[in-house]
Amino acid sequence: EERVVYLPNHPTLDDGMVLFLLSTRLGQLFHYVVAYESFRGWMKKFLPLIGAYSIRRGLGDRTSIAQTLKLLKQPSCDLVIFPEGGCSYQNDTVMPFRTGAIQLPLQAMNQMVKQGEPVPNLYLVPVSLKYQYTDSMKPVIDQTLSRLEKAFKINAIAPNFYGRLRGVAEQVILRLETEYDLNLDQTTQIDWNQRINQLKTHLLIECEQKLEITPATMTPIRERVYKIQSVLKSRAQELDQFDETTYESIYQATLRLLNFDAIYDGYVAASPTPERFLDTLTRLEREVFKFDRPLPKGHRKAKLRIGDPINLKEHFQSYRQNRAGTVEMLTQQLQQTVQENLS
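Residue numbering for the sequence shown is 1209 to 1551, as defined by the working numbering.
Next up, the structure:
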């Protein structure tokens, strides 16, 4: 009879299926907030059958918000929201949670109380999700590195996988810097993370300028990218003679920004697991070979850790006194719990 919102991290494009399997294990029907872009082909009919409904990212999707509030007011509601707002493509990284995943349940509770109902129990459950390959992945890592090295016509001179990975990554960074006229003065000494951030910033500003979007510099990259994609699609539909070259360059830039959103130099070095190696290699393959969704590298086992639930009923009075502060506090607490439970 309780209302429950599950808040998992989003490391891969397979996470929705894992949560669906969890729902079958529990014998409960979950509802899922899923990106509008996923409702294509056969998935357009399949997703609603398992309780999924769409959200258009990058704009205030009133229809999706209304559906979410409607579900949350129903008894025995089990809802899955990915609070990162998109896929990180990294097994051990949790990106900043968006406050909407916490704001909407509190908003639903507030509406119920205004209608004369008692303050209901409504639980937020942090879910930490990661994957582990079940077989040795050394041959796969070697083959993937070889394909990338061949694409750049470089030799595998490094004595280990990590050295080879850095060799390929260096080529990817150089190629992107060249494409976007960001060739650095050789006397300028900046590290890889600075170069990566410089590329992201350049792509964002260039896309926003082309579409005459006012930069929201305090907003996470992912949210700015979704807005760019939304405006781009709208402009393309409105204008009969939209410059296809400009459209494609902006769209490809947004894909790159999403692909490299969570990446940083040091992710593999800190813990050189097969999962971290292949997280990074798959991301590089997506860039070099223009794969939308590279094939799985091997059989993986999904590992879920369910954190202690937070009953929003206990925070409702605080919310009514300080809405923004309460939502921000809960958002940070849940994000931290999900990250800690990944270890």
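Note that the Cβ used here is the ideal one computed from N, Cα and C, for glycine as well.
These figures come from a predicted structure and were not determined experimentally.
Option nearest residue i by Cα separation, candidates the options
i: residue 1330; options: 1509, 1280, 1494; result: 1280
i: residue 1399; options: 1473, 1349, 1375; result: 1473
i: residue 1265; options: 1543, 1292, 1255; result: 1292
i: residue 1338; options: 1227, 1269, 1357, 1371; result: 1227
i: residue 1345; options: 1458, 1369, 1520, 1223; result: 1369
i: residue 1361; options: 1546, 1348, 1380; result: 1380
i: residue 1460; options: 1408, 1311, 1364; result: 1408
i: residue 1213; options: 1514, 1534, 1510; result: 1514
i: residue 1469; options: 1543, 1548, 1412, 1283; result: 1412
i: residue 1541; options: 1332, 1483, 1404; result: 1332
i: residue 1222; options: 1534, 1511, 1306; result: 1511
i: residue 1351; options: 1372, 1342, 1458; result: 1372
i: residue 1501; options: 1432, 1317, 1295, 1414; result: 1295
i: residue 1534; options: 1271, 1311, 1283, 1218; result: 1311
i: residue 1283; options: 1367, 1317, 1256; result: 1317
i: residue 1435; options: 1471, 1419, 1375; result: 1419
i: residue 1210; options: 1519, 1446, 1374; result: 1519
i: residue 1480; options: 1537, 1463, 1374, 1425; result: 1374
i: residue 1482; options: 1507, 1464, 1397; result: 1507
i: residue 1349; options: 1489, 1537, 1547; result: 1489
i: residue 1547; options: 1446, 1336, 1404, 1537; result: 1336
i: residue 1462; options: 1445, 1414, 1446; result: 1414
Alpha carbon of residue i to alpha carbon of residue j, nearest angstrom
i: residue 1477; j: residue 1253; result: 42 Å
i: residue 1551; j: residue 1487; result: 17 Å
i: residue 1387; j: residue 1466; result: 18 Å
i: residue 1430; j: residue 1390; result: 22 Å
i: residue 1275; j: residue 1241; result: 10 Å
i: residue 1355; j: residue 1499; result: 14 Å
i: residue 1549; j: residue 1443; result: 43 Å
i: residue 1220; j: residue 1438; result: 23 Å
i: residue 1250; j: residue 1233; result: 25 Å
i: residue 1543; j: residue 1517; result: 13 Å
i: residue 1359; j: residue 1496; result: 8 Å
i: residue 1416; j: residue 1225; result: 34 Å
i: residue 1377; j: residue 1298; result: 16 Å
i: residue 1401; j: residue 1230; result: 37 Å
i: residue 1433; j: residue 1325; result: 40 Å
i: residue 1273; j: residue 1314; result: 13 Å
i: residue 1267; j: residue 1385; result: 30 Å
i: residue 1485; j: residue 1306; result: 28 Å
i: residue 1453; j: residue 1494; result: 21 Å
i: residue 1539; j: residue 1244; result: 24 Å
i: residue 1503; j: residue 1347; result: 16 Å
i: residue 1491; j: residue 1406; result: 18 Å
i: residue 1321; j: residue 1256; result: 30 Å
i: residue 1532; j: residue 1309; result: 13 Å
i: residue 1523; j: residue 1246; result: 34 Å
i: residue 1270; j: residue 1464; result: 28 Å
i: residue 1404; j: residue 1451; result: 28 Å
i: residue 1278; j: residue 1323; result: 14 Å
i: residue 1536; j: residue 1426; result: 15 Å
i: residue 1471; j: residue 1248; result: 28 Å
Per DSSP, cross-strand counterpart(s) of residue i
i: residue 1338; result: 1511
i: residue 1364; result: Its beta-bridge partners do not exist; DSSP assigns none.
i: residue 1242; result: 1262
i: residue 1286; result: 1212
i: residue 1455; result: Paired residue(s): none; residue 1455 is not in a bridge.
i: residue 1331; result: 1212, 1519
Beta-carbon gap between residue i and residue j smaller than 7 Å
i: residue 1334; j: residue 1545; result: yes
i: residue 1521; j: residue 1327; result: yes
i: residue 1428; j: residue 1304; result: yes
i: residue 1509; j: residue 1342; result: yes
i: residue 1458; j: residue 1440; result: yes
i: residue 1357; j: residue 1364; result: yes
CB contact below 7 Å: residue i versus chain B
i: residue 1258; result: Any reference to chain B falls outside this structure, which holds one protein chain only.
If contact is defined by three or more beta carbon pairs under 8 Å, each pair taking one atom from either stretch, is the region 1282 to 1292 in contact with the region 1517 to 1536? As far as the Cβ criterion goes, the region 1517 to 1536 does not touch the region 1282 to 1292, which means the pair count is below three.
Would you check if there are 3 or more beta carbon pairs closer than 8 Å linking the region 1255 to 1262 to the region 1230 to 1246? In short, these stretches touch, since the Cβ pair count reaches three.
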